[in-house]
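Now the structure itself:
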């Protein structure tokens, strides 16, 4: 396995109109490493995750994801990089409402031009691994919060990503459901050697990480190695 | 992305999406049928005999262009309904598109899906334009008595025009669909951090001024030129100018109306004003259509008054009365379609604003008050537009002497639309009730 960092964020600034969200933030994540980004509401942790994943373009600084300078990539290239090598899990799953659980998981493969049958088979395998105890043809609206998040995790893993970005993935779940989801996400990521950047305000969730990066007012306040 | 994936993702799955596609297809079919009818009327031979069974409005070459323009104008409110249908459920669809972007769809993929979705519905509408045209012919060319028919028997050239119409309509639908969802293409989180729709800009002011200039040129400039066709050409130029001015000025009229409403006392006026100011464009399109209806009504009121007071109907009473009745019916149909468009937009707004409305209810705003807010919002869009149109229409043709007839027309139309706005708000009461359900406070 290469020891090159999968993610290198260097002196990044970003603001939404007059609200400064990031002030000179730097972060490095190694292969297979699980990093928890913590801090109070509005401290800039989600913005950092979105900048690291190439969803937003920071106004200053550099982001290198999987050895690619994101500033040098256009929107389509950044989307394709995310689709093929990055997994995303957000607080409410962000599943496509009119597609079944299986189709939601197969979507990144279908968008990448894979055969429908092969994509659906791969999706079914990942839904089984994610332990979805509902029909794979169920629509998101008919799933519980925990089931929907399991589908989102399966979708994030189906392409075999090198890095997974998770923004409050357990935020909409109860304690037990959250714990189970975290075990699923981090277990699957560690099995595959994928790095995980986990944004959370919950110290119990952060305790599962290898390292914690604590933010406040758009800056990195402290870092701690947890294991 | 394979085409099969794009088509699968473009297929309407939810009942609301299927209803939206039906509305797009239905309104496109109606507009297409009106366009085919216009083309047929324009193609009629100049010397067509009155023994053809057609009405004098169509057989007399001097009146025919007016009938053709009126038929074409009827397509305008129908097309405004199509645009409104394209925008129905925008918030939910933007959220869906953002989810697709998050799952790995590129901006191009998302545009292709939106284009396939709207283009498919529009193509279905184009195909349905043929049966809709046959229905129109049945109503206007078969059922009326000999000598009162407005439409001739369809022929092979109608089929050719229809064959050309279908791909054009599908293409227009696809382009409109892709353009309307351009905002969500920007970023996968765009739904949460999108900028609110802006008000009318400088470009619309330029279009407004150009429209007014064209109206002036059509009424005064072109008819002064030599030639028999100068009046027809002037009419066409004035109509194009009127449409441009009405659609560019519609959002401004709505904003002015919202500002006036906002200066009144009371929470209802404030809430109605804020809702209009948040998105003046949708309401502005309807205001544009109603302004044109008002202009037509003002002109008709002037003509009726002139005929009654000065000329008398004489031996041609039936001819004049039928003409006025048909013009009034056309205005009524156009205003009715505009009101349906307004209603569709208001219903869509209620569905999109469930959480803020539930919050208002939690703060103590009750259902009857929200019904009154909606009634004010609808009235503030419709009434000033039709009143302004009626007050402008007559005097634009005959100056100050048309003021009395136009004022009467404006009062009657304004009153009718104020009542219609109240009825429409009551019709939407079940949606308001559903919107203020406390359960909506839990929606993310």
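Protein chains in written order, with the numbering used here: chain V, 1 to 227; chain G, 1001 to 1444. Beta carbons are placed, not taken as given, at the ideal position from N, Cα and C, and that holds for glycine.
Proximity winner among the options, relative to residue i (alpha-carbon distances)
i	options	result
residue 1281 of chain G	G:1346, G:1306, G:1433	G:1346
residue 1230 of chain G	G:1023, G:1065, G:1060, G:1441	G:1065
residue 1179 of chain G	G:1416, G:1115, G:1123, G:1037	G:1115
residue 1241 of chain G	G:1304, G:1213, G:1391, G:1056	G:1213
residue 133 of chain V	V:151, V:199, V:122, V:121	V:151
residue 171 of chain V	V:206, V:193, V:113	V:206
residue 1433 of chain G	G:1088, G:1207, G:1361	G:1361
residue 199 of chain V	V:177, V:44, V:153, V:121	V:44
residue 1168 of chain G	G:1142, G:1078, G:1035	G:1035
residue 1300 of chain G	G:1328, G:1412, G:1268	G:1328
residue 192 of chain V	V:210, V:157, V:169, V:111	V:157
residue 1285 of chain G	G:1388, G:1382, G:1203, G:1173	G:1382
residue 1110 of chain G	G:1171, G:1181, G:1165, G:1132	G:1181
residue 117 of chain V	G:1004, G:1353, G:1173	G:1004
residue 110 of chain V	G:1100, G:1119, G:1202, G:1117	G:1100
residue 203 of chain V	V:10, V:40, V:7, V:49	V:40
residue 1342 of chain G	G:1238, G:1290, G:1030	G:1290
residue 1028 of chain G	G:1014, G:1038, G:1126, G:1113	G:1126
residue 224 of chain V	V:108, V:51, V:114, V:38	V:38
residue 112 of chain V	G:1174, G:1143, G:1006	G:1006
residue 161 of chain V	V:209, V:8, V:32, V:77	V:32
Proximal chain V residues relative to residue i, where beta-carbon distance stays under 7 Å
i	result
residue 1013 of chain G	98
residue 1099 of chain G	94, 95, 96
residue 1028 of chain G	What residue 1028 of chain G touches in chain V: nothing, since even the nearest Cβ is about 23 Å away.
residue 1038 of chain G	Near residue 1038 of chain G there are no residues of chain V at all, since even the closest Cβ is about 38 Å away, more than 7 Å.
Sequence-distant residues of the same chain with beta carbon closer than 7 Å to residue i, five excluded per side
i	result
residue 1191 of chain G	Because residue 1191 of chain G carries a pLDDT of 47, less than 50, the predicted location of this residue cannot be relied on, and the following value inherits that uncertainty. The answer, listed in chain order, is 1094, 1095, 1098, 1184.
residue 136 of chain V	100, 101, 102, 124, 127
residue 53 of chain V	82, 86, 88, 165
residue 1193 of chain G	Low confidence applies to residue 1193 of chain G: its pLDDT is 40, below 50, so where it sits in the model is not reliable, and the reading given next is rough at best. Taken in chain order, the list of residues that qualify is empty.
residue 1323 of chain G	1057
residue 153 of chain V	89, 130, 181, 184, 185
residue 1135 of chain G	none
residue 1002 of chain G	none
8 Å contact criterion, which residue i and residue j should meet: CB distance rounded
i	j	result
residue 96 of chain V	residue 104 of chain V	6 Å
residue 1009 of chain G	residue 94 of chain V	The Cβ separation is near 15 Å, so there is no contact.
residue 955 of chain G	residue 1405 of chain G	Lying before the first or after the last residue shown, residue 955 of chain G is absent from chain G, which here runs from 1001 to 1444.
residue 1020 of chain G	residue 1085 of chain G	6 Å
residue 1024 of chain G	residue 1122 of chain G	6 Å
residue 184 of chain V	residue 130 of chain V	6 Å
residue 990 of chain G	residue 1277 of chain G	A query on residue 990 of chain G cannot be resolved here, the shown segment of chain G reaching from 1001 to 1444 and no further.
residue 1244 of chain G	residue 1210 of chain G	6 Å
residue 1417 of chain G	residue 1386 of chain G	6 Å
Close Cβ partners of residue i (< 8 Å) along its chain, the five nearest in sequence each way excluded
i	result
residue 59 of chain V	13, 14, 15
residue 1256 of chain G	1384
residue 1292 of chain G	1073, 1076, 1242, 1243, 1246, 1334, 1389
residue 1397 of chain G	1219, 1299, 1302
residue 1083 of chain G	1176, 1285
Proximal residues to residue i (C-beta, below 6 Å), its chain only, five neighbours per side dropped
i	result
residue 1195 of chain G	Any reading at residue 1195 of chain G needs caution, since the residue's pLDDT is 47, under 50, leaving its predicted position unreliable; the model's value is listed next. Closer than 6 Å at Cβ, skipping near neighbours: no residue.
residue 1060 of chain G	none
residue 218 of chain V	20, 21, 22, 23, 44
residue 222 of chain V	214
residue 1264 of chain G	none
Listed by chain order, chain V residues near residue i by CB distance under 8 Å
i	result
residue 1107 of chain G	75, 76, 79
residue 1071 of chain G	Simply none; closest approach about 39 Å.
residue 1093 of chain G	The contacting residues do not exist; residue 1093 of chain G stays about 10 Å from chain V at best.
residue 1341 of chain G	Per Cβ cutoff of 8 Å: no residues; residue 1341 of chain G is ~26 Å from chain V at best.
residue 1381 of chain G	Going along chain V, no residue has its Cβ under 8 Å from residue 1381 of chain G, so there is no contact; the nearest lies around 31 Å.
Per-residue contacts from residue i into chain G (C-beta, under 7 Å)
i	result
residue 113 of chain V	1001, 1002
residue 155 of chain V	1103
residue 83 of chain V	1104
residue 88 of chain V	1102
Interface residues of chain V facing residue i [CB-CB closer than 9 Å]
i	result
residue 1018 of chain G	Simply none; closest approach about 11 Å.
Neighbour list for residue i in chain G, Cβ cutoff strictly below 8 Å
i	result
residue 108 of chain V	1103, 1104
residue 120 of chain V	Within chain G, no residue comes near residue 120 of chain V; the closest Cβ sits about 12 Å away, beyond 8 Å.
Residues that residue i contacts on chain B, provided the C-beta gap is smaller than 8 Å
i	result
residue 1096 of chain G	Judged by its chain identifiers, the structure shown contains no chain B, and its protein chains are V and G.
Check your understanding: Is the stretch 1332-1339 of chain G close to the stretch 1366-1376 of chain G, with three or more CB pairs under 8 Å?
Key -> No, they do not touch.
Check your understanding: With contact counted as at least three CB pairs below 8 Å, one residue from each stretch, are the stretch 59-67 of chain V and the stretch 138-157 of chain V in contact?
Key -> no
Point to revise | Any 3 or more C-beta pairs closer than 8 Å across the stretch 1044-1057 of chain G and the stretch 1147-1162 of chain G | key: yes
Exercise for review: Count the CB pairs spanning the stretch 201-216 of chain V and the stretch 27-42 of chain V that are closer than 8 Å, and state whether there are at least three.
Suggested key: yes
Practice item. Indicate whether the contact test is met: 3 or more Cβ pairs, each with one atom in the stretch 1025-1044 of chain G and one in the stretch 1155-1163 of chain G, closer than 8 Å. Key: yes
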